Amino acid sequence: MAEYIERTDVLRIIDEVYGAGKVYHRVRNIPAADVAPIIRGTWDLLRHDKFSDVFQCSECGRKVSLTHGRDVLEQFPYCHCGAKMEDAPCPEHQP
Ligand SMILES: [Zn+2]
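If you read the sequence shown in this note's numbering, its first letter stands for residue 25, the second for the next number, and so on.
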């Protein structure tokens, strides 16, 4: 999997170590990759009753409802707002 770093950080290090020479200019001219930052969110449990569980996106407030026994992260790994959902409480272990 590719990793992305800030060009300005690399150029600063090259400049400190080697000066603004040929390597500096070659790195500066590499075309930028088309990447976007990942928005991370969680499914917060809003309601747990004997029929269903209702979760809410921590980033946009969207609500999803699931029947018991279904894993919200498996059903909705991403919210419609684009957030990558990384955590959700287990409804069966709520007080
Ligand atoms: Zn959302």
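Ideal Cβ positions, reconstructed from N, Cα and C, are used throughout, including at glycine.
Bear in mind the structure is a predicted one, so any value in this text is a computation, not a measurement.
Q. What three-state label does DSSP hand Tyr42 in the structure shown?
A. As a first step, residue 42 must be located in the sequence shown, where it is residue number 18. The answer is helix: DSSP assigns Tyr42 an H, G or I state.
Q: Output the distance between the C-alpha atoms of Cys103 and Asp58, rounded to the nearest integer angstrom.
A: Your numbering for residue 103 matches position 79 in the sequence shown. Your numbering for residue 58 matches position 34 in the sequence shown. Looking at the two C-alpha atoms, the distance is approximately 22 angstroms.
Q.
Let me confirm a value: Ala112 is counted as buried when at least 16 other C-beta atoms fall within 10 Å, else exposed. Which label applies?
A. As a first step, residue 112 is located in the sequence shown; it is residue number 88 there, counting from the start. Counting C-beta atoms within 10 angstroms of its own C-beta, Ala112 has 16 or more neighbours from the protein chains shown and is therefore classed as buried.
Q: Using 10 angstroms around the beta-carbon of Gly93, count the other beta-carbons present and answer buried if the total reaches 16, otherwise exposed.
A: Counting from 1 along the sequence shown, the entry for residue 93 is found at position 69. Gly93 should be labelled exposed.
Q. Exposed or buried, Thr91, counting other C-beta atoms within 10 Å across all chains shown (16 or more means buried)?
A. As a first step, residue 91 is located in the sequence shown; it is residue number 67 there, counting from the start. By the neighbour-count rule (16 or more Cβ atoms within 10 Å), Thr91 is not buried but exposed.
Q) When burial is assigned at 16 or more other CB atoms within 10 Å of the CB, is Thr66 buried or exposed? A) Translated into positions along the sequence shown, residue 66 becomes position 42. Result: buried.
(Q) I want to check one thing, is the minimum distance from the CB of Ala107 to the heavy atoms of ligand 1 below 6 angstroms? (A) By 1-based counting over the sequence shown, the position of residue 107 is 83. Yes, the beta carbon of Ala107 sits closer than 6 angstroms to at least one heavy atom of ligand 1.
Q | Endpoints, the beta strand (DSSP E) within which Val88 is located | A | For the purposes of this step, residue 88 is taken as the residue at position 64 of the sequence shown. Here the beta strand (DSSP E) through Val88 covers Lys87 to Thr91.
Q.
Comparing C-alpha positions only, which one of Tyr28, Cys81, Val96 and Lys46 sits nearest to Ile105?
A. As a first step, residue 105 must be located in the sequence shown, where it is residue number 81. Note that residue 105 is Cys in the sequence shown here, rather than Ile. Selected option, being the one with the closest Cα: Cys81.
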